[in-house]
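J.: Chains as they are written, first to last, in this note's numbering: chain W, 527 to 775; chain F, 207 to 354; chain X, 2 to 123.
All C-beta atoms, glycine included, are put in the ideal place defined by N, C-alpha and C.
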Amino acid sequence: MAKVLDDKKKGHGHGHEGEHPAAPMVEEVSDFEILEMAVRELAIEKGLFSAEDHRRWTEYVHSLGPLPAARLVAKAWLDPEFKKMAVNDGVKASLKVGVDWIKSPPTQFGTPSDYCNLRVLEDTPKLKHVVVCTLCSCYPRPILGQSPEWYRTPAYRRRLVRWPRQVLSEFGLQLPADVEIRVADSNQKTRYMVLPVRPAGTEGWTEDQLAEIVTRDCMIGVAVPKPGVTSNVKLPVHRAIHPIEHHHS
Amino acid sequence: MGSPTRSEVMRHLDLVGQLQPAYHQPAQAPYPDEINHERFRALLRSPHDIGGEADISIRWEEKQEEQWEANTFATCECLAWRGVWSAEERRRRQNSDVGETQYLGLPYYGRWLLSAARIMVDKQYVTLTELNNKVEEVRKRYEQTPSR
Amino acid sequence: MSKPHHDRTHHAKKATNVGDPQCFKGQAGPAKFKAGDTVRIRDLPDFFYTRCQTYTRGMVGTVTLAVYESPAAEDEAWDNTDKPEWFYSVKFRQKDLWPDYPAAFANDTLETEFSERWLEKA
Chain W
527 MAKVLDDKKK GHGHGHEGEH PAAPMVEEVS DFEILEMAVR ELAIEKGLFS
577 AEDHRRWTEY VHSLGPLPAA RLVAKAWLDP EFKKMAVNDG VKASLKVGVD
627 WIKSPPTQFG TPSDYCNLRV LEDTPKLKHV VVCTLCSCYP RPILGQSPEW
677 YRTPAYRRRL VRWPRQVLSE FGLQLPADVE IRVADSNQKT RYMVLPVRPA
727 GTEGWTEDQL AEIVTRDCMI GVAVPKPGVT SNVKLPVHRA IHPIEHHHS
Chain F
207 MGSPTRSEVM RHLDLVGQLQ PAYHQPAQAP YPDEINHERF RALLRSPHDI
257 GGEADISIRW EEKQEEQWEA NTFATCECLA WRGVWSAEER RRRQNSDVGE
307 TQYLGLPYYG RWLLSAARIM VDKQYVTLTE LNNKVEEVRK RYEQTPSR
Chain X
2 MSKPHHDRTH HAKKATNVGD PQCFKGQAGP AKFKAGDTVR IRDLPDFFYT
52 RCQTYTRGMV GTVTLAVYES PAAEDEAWDN TDKPEWFYSV KFRQKDLWPD
102 YPAAFANDTL ETEFSERWLE KA
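1. Return the chain-ordered list of same chain residues with a C-beta closer than 6 Å to the C-beta of residue 664 (chain W), the five sequence neighbours on each side being excluded.
2. Counting only Cβ-Cβ distances shorter than 8 Å, please list the residues of the region 686-708 of chain W near chain X, keeping chain order.
3. How about residue 61 (chain X) and residue 34 (chain X): do their beta carbons lie closer than 8 Å?
4. Quick check on residue 639 (chain W) - is its C-beta less than 8 Å from some C-beta in chain F?
5. Quick check: what's the CA-CA separation for residue 555 (chain W) versus residue 280 (chain F)?
6. Looking at chain F, which residues of the region 618-638 of chain W have a Cβ within less than 8 Å of any of its Cβ atoms?
7. Step through the CB atoms of chain W and report whether any lies within less than 8 Å of the CB of residue 326 (chain F).
8. Going along chain F, which residues have a C-beta under 8 Å from residue 79 (chain X)?
9. Go ahead and label residue 620 (chain W) buried or exposed: buried means 16 or more other beta carbons lie within 10 angstroms of its beta carbon, across all protein chains shown.
10. Taking Cβ positions, are residue 69 (chain X) and residue 22 (chain X) nearer each other than 8 Å?
11. For the alpha helix (DSSP H) containing residue 213 (chain F), name the first residue and the last one.
12. Applying a beta-carbon distance threshold of less than 9 Å, which residues of chain X neighbour residue 329 (chain F)?
13. Residue 291 (chain F) and residue 633 (chain W) - do their beta-carbons sit closer together than 8 Å?
14. For residue 584 (chain W), which residues in chain F fall below 7 Å Cβ to Cβ?
15. Please list the partners that residue 305 (chain F) has in chain W, where partner means a Cβ-to-Cβ separation under 8 Å.
16. Using CA atoms only, rank isn't needed, just tell me which of X:92, X:51, X:91 is closest to residue 301 (chain F).
17. For chain F, is any of its Cβ atoms less than 8 Å away from the one on residue 89 (chain X)?
18. Can you list, in chain order, the residues of its chain with a C-beta nearer than 8 Å to that of residue 739 (chain W)? Leave out the 5 residues immediately preceding and following it.
19. When you compare each of F:318, F:309, F:268 to residue 766 (chain W) by their alpha carbons, which one comes out closest?
20. In three-state terms, what does DSSP make of residue 602 (chain W)?
21. Could you check where the beta strand (DSSP E) with residue 711 (chain W) kicks off and where it finishes?
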């Protein structure tokens with residue numbers, strides 16, 4: 527870890543009465559941060575990609591989140607024909623919520639890591655899906671945003687495929703024994719999102735109202751939508767040392 | 207139970223759980239006759255192939271993203287966008303080539319970052335000397351913060 | 002010193018406005034399996050890298066779909082993309098996969114994908 531002292535404060539020790547107290551401005555730059563800068567600068571210097579490419583990609587990723595997927599679920603709940611289409615062709619259905627798996631990303635050929643093969647997994651009262659990538663952390667970013675930290679952990683990846691009911695109960699979800707729990711392990715180019723069962727108590731709701739209760743966790747499959755519940759299971763948040771600064775125009 | 211393959215698979219899942227990241231040199235290189243098929247399989251396994259292994263219940267957490275992590279993600283995708291590697295080549299390097307100790311011992315995005323550095327050197331876009339010099343240059347930059 | 006020339010444009014040329022795995026459509030020849038087929042996962046050599054999970058090897062399952070054509074991950078990981086294969090989604094019963102899976106949850110299943118080389122008729 528490289529520790530840097532602000533020059534202005536160097537040499538100010540303790541016990542100088544009346545002067546500004548010595549509050550050493552230690553800016554700690556980690557080995558990771560140093561390497562990250564080195565790699566990015568070298569890549570740009572060598573013409574592997576441009577600074578503009580990097581900025582555009584950052585902006586694209588910042589634009590991603592679970593709202594389009596939630597709207598896809600809401601539309602499917604309201605329109606059986608759309609639901610059928612979504613289950614058969616997730617990429618086509620995504621267009622209806624403004625996500626073009628091929629052309630929304632700057633590449634114009636999909637994101638390198640997420641490809642262009644969304645499969646929408648339809649839950650029924652007797653079938654509950656839950657998604658994992660045991661090999662890494664593949665996730666349908668273009669329609670659902672970035673994956674949560676827990677999804678990437680070795681513990682989730684090791685355990686969900688073999689002890690799904692135990693893992694789900696840790697997320698607060700328990701299902702009757704006769705319900706088929708189907709774990710989808712996204713190990714290749716397909717990316718999955720769960721289309722949960724529409725809950726009771728939502729009769730007559732608008733698309734917006736329905737989308738509001740379809741959280742990211744519902745579309746991974748570790749939660750089910752409930753009237754009045756509009757956010758993910760509340761979990762501890764590991765804070766960043768140097769979090770992202772978003773530049774909002 | 208089941209077939210010989212399934213028995214072997216189940217024994218493998220139990221055995222690889224005993225491989226742990228090591229910060230010190232483990233026992234000296236064994237003789238070949240000390241490595242049976244099960245140990246051969248365990249030693250050669252792709253580190254990322256962990257589905258079905260035993261693990262403890264951990265506290266499920268969210269994490270606030272570091273700026274360097276977001277930058278790393280964009281760097282890796284830009285490298286693929288501009289044809290330096292494909293995502294699959296990245297995964298192979300980042301989730302397998304790094305080896306068992308780094309796989310379990312490094313942070314998630316630490317592996318992404320290391321693999322981005324490595325691909326540039328492996329494909330000779332950058333020499334290792336250039337990479338090391340650049341890291342040194344960046345490090346020195348942070349030791350020379352100008353007075354404000 | 003020797004320095005290979007890398008063509009950094011080859012994927013973009015193939016996949017721009019088309020998508021991936023769409024860009025491999027029609028290149029794998031006829032699919033060997035179809036939805037409903039019973040298949041076994043082959044325990045093939047898997048030096049250096051595989052995306053066929055060890056926990057599936059030797060398992061018998063049912064093909065649910067032929068999903069797309071693509072180079073196998075084991076080849077794509079070294080940029081060898083000349084020989085796409087059909088990929089299949091295969092479903093297993095959890096009680097078959099895991100000896101310790103609770104008998105009370107006999108309906109539980111798992112679904113994951115395989116490139117054709119990993120499958121044989123069961």
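T.: Quick look at the numbers:
1. Apart from the 5 residues on each side of it in sequence, residue 664 (chain W) sits with its Cβ closer than 6 Å to the Cβ of 712 in its chain, given in chain order.
2. Those residues of the region 686-708 of chain W placed with their C-beta closer than 8 Å to a C-beta in chain X are 687, 688, 690, 691, 703, 704, 705, 706, 707, 708, ordered along the chain.
3. No, the pair does not count as a contact, with Cβ atoms beyond the cut-off.
4. Output row for residue 639 (chain W): interface = yes.
5. C-alpha separation (whole angstroms): 20 Å.
6. Here the close residues are 632, 633, 637, 638.
7. Cβ-Cβ to chain W under 8 Å: yes for residue 326 (chain F).
8. For the C-beta of residue 79 (chain X), the chain F residues within less than 8 Å are, from N- to C-terminus, 295, 298.
9. Classification for residue 620 (chain W): buried.
10. Yes; because the gap between Cβ atoms is below 8 Å, this pair is in contact.
11. Residue 213 (chain F) -> alpha helix (DSSP H) spans 210-222.
12. The contacting residues are 5, 7.
13. The Cβ atoms of residue 633 (chain W) and residue 291 (chain F) do not sit closer than 8 Å to each other.
14. Listed along chain F, the residues sitting closer than 7 Å to residue 584 (chain W) by beta-carbon distance are 276, 280.
15. By Cβ distance, chain W contributes nothing, its closest Cβ being about 15 Å from residue 305 (chain F), past 8 Å.
16. Ranking X:92, X:51, X:91 by Cα distance to residue 301 (chain F) puts X:51 first.
17. No, because no Cβ of chain F sits closer than 8 Å to the Cβ of residue 89 (chain X).
18. Excluding sequence neighbours, residue 739 (chain W) sits near 725, 728, 751, 752, 753, 754, 755, 756.
19. Here the closest residue by C-alpha is F:268.
20. Looking at residue 602 (chain W) - three-state DSSP - the assignment turns out to be helix.
21. Residues 706-711.
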